[in-house]
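Novice:
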Amino acid sequence: MGSGENKVVLHGMWASPYVKRVELALKIKGIPFEYVEENLRNKSPQLLKYNPVQKKVPVLVHNGKPVCESLVILEYLDEVWSTGPQLLPKEPYQRANFRFWAAYIQQLLESIFKLFNADKEAHEKPLQEVHEKLRNLEDGVKEFYFPEGSPNHISAENLGILDVMLVSVLGPFRAKEEAFSVKILDPGKNPLIFSWIQALIELPLVKEVVPPHDKMVGVLQFLKQSGFKF
Amino acid sequence: MAGEEVILLSVYASMFSMRVRIALAEKGVKYELKEEDLTNKSLLLLEMNSVHKKVPVLLHNGKPILESLIIVQYIDEVWHDKNPLEPSDPYERAQARFWADFIDKKVPCKISLQWAAKGEELEAAKKEFIEALKVLEGELGDKPYFGGEEFGYVDVALIPFYSWFHAYETCGNFKIGAQCPKFAAWAKRCMQRESVSKSLADPEKVYDFRALTGLQIFFIIYMFDFYCLNSLDFIRSQVRLLLNFVIRISSKQAVCY
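Sequences listed follow chains S and D, in order.
Residues are numbered in my numbering as their position in the first sequence, beginning at 1, plus a constant of 172.
Residues are numbered in my numbering as their position in the second sequence, beginning at 1, plus a constant of 5.
1. Starting from residue 68/D, follow its DSSP beta bridges and name the residues at the other end.
2. Starting from the C-beta of residue 184/S, find all residues in its chain whose C-beta is less than 6 Å away, skip the five residues before and the five after it, and write them out in chain order.
3. Determine contact between the stretch 64-82 of chain D and the stretch 207-219 of chain S, defined as no fewer than three beta-carbon pairs at a distance below 8 Å.
4. What would DSSP say about residue 184/S, mapped onto helix, strand or coil?
5. Let me know if residue 51/D comes out buried or exposed under the rule of 16 or more other beta-carbons within 10 Å of its beta-carbon.
6. Please identify, using Cβ separations under 8 Å, the residues of the stretch 235-250 of chain S that lie next to chain D, in order along the chain.
7. Quick check: what's the CA-CA separation for residue 39/D versus residue 161/D?
8. For residue 111/D and residue 137/D, which I take to be in contact (beta-carbon distance under 8 Å), what is that distance rounded to the nearest angstrom?
9. When you measure from the CB of residue 207/S to every non-hydrogen atom of the ligand FMN, does any distance come out below 7 Å?
10. Could you name each continuous alpha helix (DSSP H) segment of 4 residues or more that falls completely within the stretch 194-226 of chain S, going from the start of the chain to the end?
11. Would a check of beta-carbon distances place residue 99/D closer than 8 Å to chain S?
12. Please list, in chain order, all residues of the same chain as residue 313/S whose beta carbon is under 7 Å from its beta carbon, the five residues on each side excluded.
13. Quick one: what does DSSP say residue 16/D is sitting in, helix, strand or coil?
14. In this structure, how does DSSP classify residue 321/S when only helix, strand and coil are distinguished?
15. For residue 177/S, which of helix, strand or coil comes out of DSSP?
16. Which residues in the same chain have their Cβ closer than 7 Å to the Cβ of residue 142/D, if we skip the five residues on either side of it in sequence?
17. Counting contacts by CB-CB distance shorter than 8 Å, is residue 184/S in contact with chain D?
18. Restricting to Cα atoms, I'd like to know which of 167/D, 159/D, 174/D and 178/D is closest to residue 89/D.
19. Is the shortest distance between the beta-carbon of residue 116/D and the beta-carbons of chain S less than 8 Å?
20. Which residues, taken in chain order from the stretch 293-313 of chain S, show a beta carbon closer than 7 Å to some beta carbon of chain D?
21. Are residue 223/S and residue 204/S closer than 8 Å when you measure CB to CB?
22. In the DSSP assignment, the beta strand (DSSP E) including residue 240/S goes from what residue to what residue?
23. Within a Cβ cutoff of 8 Å, which residues of the same chain sit near residue 235/D, ignoring the five residues on either side of it in sequence?
24. For residue 294/S, is the classification buried or exposed, using 16 other Cβ atoms within 10 angstroms of its Cβ as the cut-off for buried?
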């Protein structure tokens, strides 16, 4: 297809995990795109036009038509760019299973946000919730995603929706841990997820997407101090 | 399809279970309905949905599929030859999924507030709820269904909440139909479909279901755990509901919940 036929623009914000998902998916699928950094305190008229309901990033604009909501965008990319690397399996039962765990990783992010929003003295309960979700995730994906028991198969060529989701949530996990002085991911408690994310963040493609550590720590601390609700 | 075993673990008054029942009916799938008692969950439910321990759960030839919208999509993909629910065009499909996600975020969360709250909180919850419906009305426009000419995915996602409107209206003391006439007209149109009328819980039964004894309050806590994003606020609101209920019972006022 000629470059004029498939214009893809991603409106995003560099620290948003939701945007990171779409960015990584576009790179995995080898889709050329233009990136527009949004200032969320001063949203562009284009963003408000393309996402009038939620007014949020990411918004993917494909040939002038907007698609909103990160998971919706991921499935859209898979369906339109249906040759080449696929994020979801084709078989319906496996698709349902991958969709379930993709949604669960999103719930893990929501638990991490709850942790961020809590006061330092009230960290224990939200942290327990995060650890419980990590445990469930580990047990849940073990059988069907890591049949050999370790992430040996992870490579740039076969990344899928679960890898994309995990990178968006845990890619910057060390920055999150430092910014909030908490231990989110313990290799002793979650050996599989720990080695999974380690394998992912070593890939050059993923390195391009995960925000730099110090920058991430800085923005998280800044947001927390200014009373931002994650 | 011969030799297919389809079982649905469901709760009569659950909007999320209703979605799946509508989808199965649209496709003409024969299935066994197992009604769950959420105060006493069956071993099958606990085994098949060990992560969330919630309904609905679809069992297809022994394999579990979880989460109402994921189940509806699964049904659409497997029984794809009859009454397609999701649009065939990828862009339209993305729009439909966006609206289903909007519904999940904006419609059920306010329920717990409405039940437990009074005064300002209740008014705020009602306002947000009506606003969400108005946005949906805007999306519906002049189309007969959200799917256009045909009943589809977004209609399936939304119509089950209609069975709870009578209960909200009675307790919130407001008329949803009056404020959202387009929505009311759409709902009536959907109700004319057999798949919908047979799958939706009777609004009176839903209302009675809400007129509870103390034990069943905890049933509700499980029920609305589905999409409550802030479970601590939710539990607080349920405790308030219980206290309110106890006070009303003891002062012999009409039970609203």
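Glycine is no exception: its CB is placed at the ideal position from the N, C-alpha and C atoms.
Specialist: On the basis of the data shown:
1. Start at 1 with the first residue of the second sequence, and residue 68/D comes out as number 63. Paired residues: 65/D.
2. Here residue 184/S is taken as the residue at index 12 of the first sequence, counted from 1. Cβ neighbours of residue 184/S beyond the five flanking positions: 191, 229 and 230.
3. no
4. Counted from its first residue, the first sequence places residue 184/S at position 12. Correct three-state label for residue 184/S: strand.
5. For this step, residue 51/D is matched to residue 46 along the second sequence. When all chains shown are included, residue 51/D counts as exposed.
6. 237, 239, 240, 241, 243, 244, 245, 247 and 248
7. Mapped onto the second sequence, residue 39/D falls at position 34. Mapped onto the second sequence, residue 161/D falls at position 156. Each residue's Cα considered, the two are about 21 Å apart.
8. Start at 1 with the first residue of the second sequence, and residue 111/D comes out as number 106. Start at 1 with the first residue of the second sequence, and residue 137/D comes out as number 132. That belief holds up - the Cβ atoms of residue 111/D and residue 137/D are roughly 4 Å apart, short of 8 Å.
9. Among the components of this structure there are no ligands whatsoever, and the ligand FMN is therefore not found.
10. 217-222
11. As a first step, residue 99/D is located in the second sequence; it is residue number 94 there, counting from the start. Chain S, which has a Cβ nearer than 8 Å to the Cβ of residue 99/D, makes this yes.
12. Reading the first sequence from its first residue, position 141 is the one you call residue 313/S. Around residue 313/S: 273 and 334.
13. Stepping through the second sequence from its first residue, residue 16/D is reached at position 11. Residue 16/D: coil per DSSP, three-state reduction.
14. Stepping through the first sequence from its first residue, residue 321/S is reached at position 149. Note: residue 321/S maps to coil in three-state DSSP.
15. To locate residue 177/S, count along the first sequence from 1; it is residue 5. Here residue 177/S sits in coil by DSSP.
16. Walking along the second sequence from the start, residue 142/D turns up at place 137. These residues qualify, in order along the chain: 185, 187 and 188.
17. Walking along the first sequence from the start, residue 184/S turns up at place 12. Cβ-Cβ to chain D under 8 Å: no for residue 184/S.
18. To locate residue 89/D, count along the second sequence from 1; it is residue 84. Here the closest residue by C-alpha is 159/D.
19. Sequence index remark: in the second sequence, residue 116/D carries index 111 (1-based). Here residue 116/D scores only 49 on pLDDT, less than 50, and its place in the model is too uncertain to base an answer on.
20. 308 and 312
21. Here residue 223/S refers to the residue found at position 51 when the first sequence is read from its first residue. Here residue 204/S refers to the residue found at position 32 when the first sequence is read from its first residue. No, these two residues do not count as a Cβ contact at 8 Å.
22. Counted from its first residue, the first sequence places residue 240/S at position 68. Element bounds for residue 240/S: 237-240.
23. Residue 235/D sits at position 230 when you count from the first residue of the second sequence. Confidence in residue 235/D is poor, its pLDDT being 49 and thus under 50, which makes the residue's placement too unreliable to answer from.
24. For this step, residue 294/S is matched to residue 122 along the first sequence. Counting Cβ neighbours within 10 Å, residue 294/S comes out exposed, since fewer than 16 surround it.
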